[in-house]
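Asks: Dumping the structure here so I can ask a few things about it.
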Amino acid sequence: MLRFTIRRLAWAVPTLLLVTFLVYVALRLGTDPLQSYLRTNPRASKEKIEQYKSVNGLSSNYVLGYFHWLKNFVTFNWPRSIKGSREVWPELKDAMANTIRLGTFATVVGVSIGLFVGMFAALKPGSRRDVAVNTGAFLGVSIPPYITAVLFQLVFAVYWSRWFGKTLFPTSGVYPPGHIGFNLVLMLKHMALPMMVVAIQVIATYSRYMRSSLLDVMNSDFMRTARSKGISERQVLLKHGVRNALIPVVTIAALDIGSIIGGLIISENIFAYPGMGLYFLDSFTNGDFPLLMPWMVLVVASTLMFNLIADVSYAFLDPRIRLD
Amino acid sequence: MSEIILSIRDLRVTFDTPLGPLEAVRGVDLDVHAGEMMGVVGESGSGKSVTFLAAMGLLPHQAKVSGSVMLNGQEMLGASNKVLRNMRGGLMSMIFQDPLSALNPVHRVGDQIVEMLKAHQPKMGDKDAAKRAVELLDIVGIPQAAERAHQYPHEFSGGMRQRVVIAIAIANNPKVLIADEPTTALDVTVQAQILEVIERVQKSFGTAVVLITHDLGVIARVADRVNVMYAGCNVEKGGVDSLFDHPSHPYTRGLLASLPHEGVERLTPIIGFPPNMLTPPPGCGFAPRCSHATDACLASLPSLRTFGDLETACIRAEELVVKAGLS
Amino acid sequence: MTEFATISPKRMAMRRFLSHKAAVGSCVLLAIMVVAVILAPISARYGVNESVRKPPNTFLPPQKLAWFGTDDIGRDLYSRLIYGIRVSLIIGLFTAVISTVIGCVVGAVAGFRGGRFDDVVMRVTDLFLAFPFLVALLVIRNTMGSIGWLTAIIGDKSSVRFIVFLLAFFGWMGVARIVRGQVLALKEREFIEAARAVGATRRYIVRHHLLPNSIGPIMVSLSFAVVGAITAESTLAFFGYGPQAGDGATSLGILVGAAKGAVQTGYWWIAVFPCFALVLISLAINFIGDALRDATDPRLDRGE
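And the structure:
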């Protein structure tokens, strides 16, 4: 398995380069960095324009331009943003931290509850609790997340204070405006609503996965063998049933985690939470190429890395898949 | 005759299906003596597997089971979960047809044996259990047992896997081993090997073996006594030699006649199909297909009775012997 | 002599499907919706861009004049909803069909031939599917919209045609994976071996054996593709990137997008009715997809 990991890591580098190249092309075509720059700085001098083009690798040949950009990127010679001429890394770093916090929390909570609920339902298929879980999960999956988000916002921003006189969960930002420094309670309070929106989706999805996987396993012959050994029902369930049922679920979870870093756009937008999603939306709307490229590199790298983790964990959990 | 270890009386199993109740087992009586090899023969749907799954308590909850199953003098039907768990793997074990799916794919083979050992001998230490697991693998004929104990089921061939399954089943020296079609899914050459392993285990451990199969050849080779089942009932019982020599029930005769043997140019199958157990016939289950059936046969379900050195459920057994001049 | 009732697999699947009451209800609901939407000029009470009456006509709550109330320029929400659902259903259907056709072809070839092609397809779809969806959607939308010759064929990036192709660009991958999986599973079955033994060509096998036996999963993924497309379109519209067909034409997504603002202002009908419609459609199609999945690949998970 070590060989497999090393081989995949070796492949990861050219894959990363290829994908970032494609992203570079897509962004150049899609956001037209030159136009964006000229729009913001209509009176820029010729030298300034040339300098801008050079730092961002915007030569007319896309391949050459890409490598030019790449050189600047890896030497940490990152150009400033188009709008406001801001340094990229501080903002990106904060955005990343915020999203990782929100995403990890929501995913951990969501997956744990989801797995547990799915198991709960699969133990008595067709029973009332199974039907309840199924219906709930179904609803959770069918209602688009932005609707739940808007709903939450409605309830907590508008109606809660109307009914109860004070705000329970704030509906925007990481901290109240003007707050400086680290405060765990305030942070959690602000994270609560977007976290719940994400968690609902996660719980719905993973309870369905787990239920379906566990039901498949429960009907397997080796479960009968396990029972015929006379071990306790709990052991049969956990050591044999769940252990096997987890295999496909864990793989999917690894992939999902990889997409968190760029994937919470909707919640962040509705709750004005300054994470990677909001960063992307703002930069994208402004066509801010220098802000977008580093963001993309992070997201692509994360996706590739978790793809690898998913494959490796699959092999780790299922000895039948031993990759050469 | 040695003592009776497993005694089944009037066992009835009915399944609750969406299409109505399905009577899989309709009043089965049988005894298994200590150390003997008992064969149970029947085709698919005869209820042979269900009978013993019921005895082990391994049927799903939609199954309604009634009657009596006495193992070592203790009643198993309706017993508490603790008693049942003690029994399974301790006093009585079962191995199944498909070795490829019977083993948990993510646990090592040695660990699966250890799990069985520890379930019934909780005081056994890890090292001792591991050692015993290797010994068991050796007993069932797995070469290089010590290394192979660390491997996973998918690294074994079908025949080897079945040996592992047997090793697990005999780990705690059960009094009864139920083998449900253990060779059906295997190649013919491997079949012989597995039967040999089972026989060896039986002789050296003194375990009673219930060998469920539809293959008469297997029965002829290893069984001491035979139970023939059809449509959820026991239709004939007896010692293997007697049964093969002078079968009394038309079904058994049909089975034997359908085997290829010397001098026979065309095979004679038993015409017709087994009955639909959702709506079983009121009389003898075999009557609709039997060329000797009378109205009395079709009217009511006959029970087993002594007939010479056999037990038979055919009400016309005497007449048919005379008629055909069979010995 | 006993008799055995014989039912063809298709009929058994149909029976299983019909036993799912929610799915049957959803079919009825969707049928009603489709009819209402097709008969739009009749079933809608006003034109899509028509004011309910002379001012004051903005933000009227639901009443006899306007069943679902009016929007910010006095148009009847009920009528707009009908036209909007029509657009969204069209988008969903066309996208799903195109995705499924492409996905079936690619998936069947990848599964059947294996080898390099299969590896590449798997890798590419792996990455695409793992990448955050909305980000990819937005970026590709802009990129595709900037390629001159492309927009000449599939329309400008605010057109319905463009959205269909954009969503299909993403949609085929999921279908391809499902079909590939099915083909892989079937490939080893004996009836395929038998077909090969009597000399059937590969194309024949794919067309007459593999694809017909994959109808189940294909239908299931088709239904989920429809929901996916409708949801994706509505998400795009929510952020303002949806179809802008001009003349006040609308889609479900645009109507739901207006819900964002309505939250603060208390004009609840602007949010409630479109959202409700969207959720209802999603649920209905999901129910149908789920029932189809159970009908074509039944499992013992209903306590039987």
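Chains as they are written, first to last, in this note's numbering: chain A, 1170 to 1493; chain B, 21 to 347; chain C, 1069 to 1372.
From the three backbone atoms N, C-alpha and C, an ideal C-beta is built for every residue, glycine too.
1. DSSP three-state call for valine 230 of chain B: helix, strand or coil?
2. Name, going along the chain, the residues of the segment 1367–1391 of chain A whose beta-carbon falls closer than 8 Å to a beta-carbon of chain B.
3. In this structure, what does DSSP give as the bridge partners for asparagine 247 of chain B?
4. For phenylalanine 1341 of chain C and serine 1482 of chain A, I'd like the C-alpha separation in whole angstroms.
5. Using a Cβ cut-off of 8 Å (strictly closer), state whether glutamate 135 of chain B contacts chain A.
6. Residues in the same chain with beta-carbon distance under 6 Å from glutamine 1204 of chain A, minus the five sequence neighbours each way, listed in chain order, please.
7. Starting from the C-beta of asparagine 1281 of chain C, find all residues in its chain whose C-beta is less than 7 Å away, skip the five residues before and the five after it, and write them out in chain order.
8. Which residue comes first and which comes last in the alpha helix (DSSP H) that contains aspartate 1160 of chain A?
9. Taking a Cβ distance cut-off of 7 Å, strictly less, list which residues of the segment 1286–1313 of chain C are near chain A, in chain order.
10. I'd like to know whether the C-beta of methionine 107 of chain B is nearer than 8 Å to at least one C-beta of chain A.
11. Which residues of the segment 1419–1439 of chain A have a Cβ closer than 9 Å to any Cβ of chain C? Give them in chain order.
12. According to DSSP, is alanine 1306 of chain A part of a helix, a strand, or is it coil?
13. What are the residues that DSSP puts in a beta bridge with phenylalanine 35 of chain B?
14. Terminal residues of the continuous alpha helix (DSSP H) containing aspartate 1140 of chain C?
15. Give me whichever residues DSSP pairs with proline 91 of chain B in a beta bridge.
16. 8 Å is my cut-off, CB to CB: does leucine 1235 of chain C come that close to chain F?
17. With 8 Å as the threshold, decide whether the Cβ of glycine 1399 of chain A is near any Cβ in chain B.
18. Is there a Cβ of chain C sitting closer than 8 Å to that of proline 1313 of chain A, yes or no?
19. Whole angstroms are fine: how far does the CA of glycine 1223 of chain C sit from the CA of alanine 1297 of chain C?
20. Does any residue of chain B have a CB that is nearer than 8 Å to the CB of leucine 1477 of chain A?
21. Shortest alpha-carbon distance to lysine 1398 of chain A belongs to which of B/Thr227, B/Asn124 and B/Pro267?
22. Any C-beta of chain C sitting closer than 8 Å to the C-beta of leucine 1406 of chain A?
23. Exposed or buried, asparagine 1438 of chain A, counting other C-beta atoms within 10 Å across all chains shown (16 or more means buried)?
24. Please name the residue in B/Ala99, B/Arg286 and B/Arg309 whose C-alpha comes closest to that of proline 295 of chain B.
25. Give the range of the alpha helix (DSSP H) segment to which arginine 1083 of chain C is assigned.
26. Taking only beta-carbon atoms, is threonine 1268 of chain A less than 8 Å away from chain C?
27. Based on Cα-Cα distance, which residue from C/Arg1148, C/Val1174 and C/Ala1263 lies nearest to arginine 1113 of chain C?
28. At 4 residues or longer, what runs of the alpha helix (DSSP H) sit wholly inside the segment 151–227 of chain B?
29. Below 8 Å on C-beta distance, what does threonine 1200 of chain A contact in chain C?
30. For glutamate 95 of chain B and methionine 76 of chain B, what's the separation of their Cα atoms in angstroms?
31. Identify the continuous beta strand (DSSP E) that holds serine 1296 of chain A and give its terminal residues.
32. Please list the partners that alanine 122 of chain B has in chain A, where partner means a Cβ-to-Cβ separation under 7 Å.
33. Around the C-beta of aspartate 1139 of chain C, are 16 or more other C-beta atoms found within 10 angstroms, so that it is buried, or is it exposed?
34. For proline 1183 of chain A, count neighbouring C-beta atoms within 10 Å of its own C-beta (all shown protein chains included) and say buried if the count is 16 or more, exposed if not.
35. Just to confirm my understanding: we take isoleucine 1421 of chain A, look at its own chain, exclude 5 residues before and 5 after, and list those with CB closer than 7 Å. What are they?
36. Tell me whether the segment 1421–1430 of chain A and the segment 1193–1211 of chain C touch, counting them as touching only if at least three CB pairs, one residue from each stretch, are closer than 8 Å.
Replies: Walking through what the data contain:
1. Numbered from 1 along the second sequence, position 210 holds the residue referred to as residue 230 of chain B. When secondary structure is reduced to three states using DSSP, valine 230 of chain B falls in the strand class.
2. From the segment 1367–1391 of chain A, only Ser1389, Asp1390 and Phe1391 have a Cβ closer than 8 Å to chain B.
3. Stepping through the second sequence from its first residue, residue 247 of chain B is reached at position 227. Answer is B/Val60 and B/Lys257, bridged to asparagine 247 of chain B.
4. Indexing the third sequence from 1 puts residue 1341 of chain C at position 273. Indexing the first sequence from 1 puts residue 1482 of chain A at position 313. Approximately 45 Å between the Cα atoms of the pair.
5. Translated into the one-based positions of the second sequence, residue 135 of chain B becomes position 115. Answer yes: the Cβ-Cβ gap between glutamate 135 of chain B and chain A drops below 8 Å somewhere.
6. For the purposes of this step, residue 1204 of chain A is taken as the residue at position 35 of the first sequence. Within the same chain, no Cβ atom closer than 6 Å to the Cβ of glutamine 1204 of chain A is found once the five residues on either side in sequence are excluded.
7. Start at 1 with the first residue of the third sequence, and residue 1281 of chain C comes out as number 213. So the qualifying residues of the chain are Leu1254.
8. Here chain A comprises residues numbered 1170 to 1493, so residue 1160 of chain A is not present and cannot be evaluated.
9. Those residues of the segment 1286–1313 of chain C that come within reach of chain A (Cβ to Cβ, closer than 7 Å) are Thr1299, Ser1302, Thr1303 and Phe1306.
10. As a first step, residue 107 of chain B must be located in the second sequence, where it is residue number 87. Residue contact check for methionine 107 of chain B against chain A: a CB pair falls below 8 Å.
11. Only Leu1424, Asp1425, Gly1427, Ser1428, Ile1429, Ile1430, Gly1431, Gly1432, Leu1433, Ile1434, Ile1435, Asn1438 and Ile1439 from the segment 1419–1439 of chain A bring a Cβ to less than 9 Å from some Cβ of chain C.
12. Walking along the first sequence from the start, residue 1306 of chain A turns up at place 137. Under the three-state reduction of DSSP output, alanine 1306 of chain A falls in the helix class.
13. Your numbering for residue 35 of chain B matches position 15 in the second sequence. For phenylalanine 35 of chain B, DSSP records a beta bridge to B/Leu42 and B/Ala83.
14. The residue given as residue 1140 of chain C occupies position 72 in the third sequence. No alpha helix (DSSP H) holds aspartate 1140 of chain C; DSSP gives it neither H nor E.
15. Residue mapping note: residue 91 of chain B aligns to position 71 of the second sequence, counting from 1. According to the sequence as given, residue 91 of chain B is leucine; it is not proline. In the DSSP assignment, leucine 91 of chain B is bridged to B/Leu26 and B/Gln94.
16. Chain labels in this structure do not include chain F; the protein chains are A, B and C.
17. Within the first sequence, residue 1399 of chain A is the residue found at index 230, counting from 1. Glycine 1399 of chain A counts as touching chain B.
18. Counted from its first residue, the first sequence places residue 1313 of chain A at position 144. Yes, contact with chain C.
19. Mapped onto the third sequence, residue 1297 of chain C falls at position 229. Mapped onto the third sequence, residue 1223 of chain C falls at position 155. Between alanine 1297 of chain C and glycine 1223 of chain C, the C-alpha separation is close to 18 Å.
20. Indexing the first sequence from 1 puts residue 1477 of chain A at position 308. No, its Cβ sits nowhere closer than 8 Å to a Cβ of chain B.
21. Numbered from its first residue, the first sequence carries residue 1398 of chain A at position 229. A check of alpha carbon separations from lysine 1398 of chain A across B/Thr227, B/Asn124 and B/Pro267 identifies B/Asn124 as the nearest.
22. Walking along the first sequence from the start, residue 1406 of chain A turns up at place 237. Under the 8 Å criterion on CB atoms, leucine 1406 of chain A is classed as non-interfacial with respect to chain C.
23. One-based indexing of the first sequence puts residue 1438 of chain A at position 269. Result: buried.
24. Residue mapping note: residue 295 of chain B aligns to position 275 of the second sequence, counting from 1. For proline 295 of chain B, the nearest C-alpha among the options comes from B/Arg309.
25. Here residue 1083 of chain C refers to the residue found at position 15 of the third sequence. Membership of arginine 1083 of chain C in the alpha helix (DSSP H) is indicated by the continuous run 1077–1086.
26. On the first sequence, position 99 is the one that residue 1268 of chain A refers to. It does not: the Cβ of threonine 1268 of chain A has no partner Cβ on chain C nearer than 8 Å.
27. Here the question's residue 1113 of chain C lines up with position 45 in the third sequence. With distances taken between CA atoms, arginine 1113 of chain C lies nearest to C/Arg1148 out of C/Arg1148, C/Val1174 and C/Ala1263.
28. The DSSP assignment places complete alpha helix (DSSP H) segments of no fewer than 4 residues inside the segment 151–227 of chain B at 165–168, 178–190 and 208–225, in order along the chain.
29. Your numbering for residue 1200 of chain A matches position 31 in the first sequence. Near threonine 1200 of chain A (Cβ distances below 8 Å), the residues of chain C are Asn1210.
30. Walking along the second sequence from the start, residue 95 of chain B turns up at place 75. Walking along the second sequence from the start, residue 76 of chain B turns up at place 56. When rounded, the distance between both Cα atoms is 11 Å.
31. On the first sequence, position 127 is the one that residue 1296 of chain A refers to. Going by DSSP, serine 1296 of chain A is part of no beta strand (DSSP E) at all; its letter is neither H nor E.
32. For this step, residue 122 of chain B is matched to residue 102 along the second sequence. Within 7 Å Cβ-Cβ: Asp1390, Phe1391 and Thr1394.
33. Working through the third sequence from its first residue, we reach residue 1139 of chain C at position 71. Aspartate 1139 of chain C comes out buried.
34. Counting from one through the first sequence, the residue named residue 1183 of chain A turns up at place 14. With fewer than 16 other Cβ atoms within 10 Å, it is exposed.
35. Within the first sequence, residue 1421 of chain A is the residue found at index 252, counting from 1. If we look at isoleucine 1421 of chain A and ignore the five residues flanking it on each side, its Cβ neighbours are Tyr1378.
36. Look at the beta carbons and you see the segment 1421–1430 of chain A touching the segment 1193–1211 of chain C: at least three pairs across the two are nearer than 8 Å.
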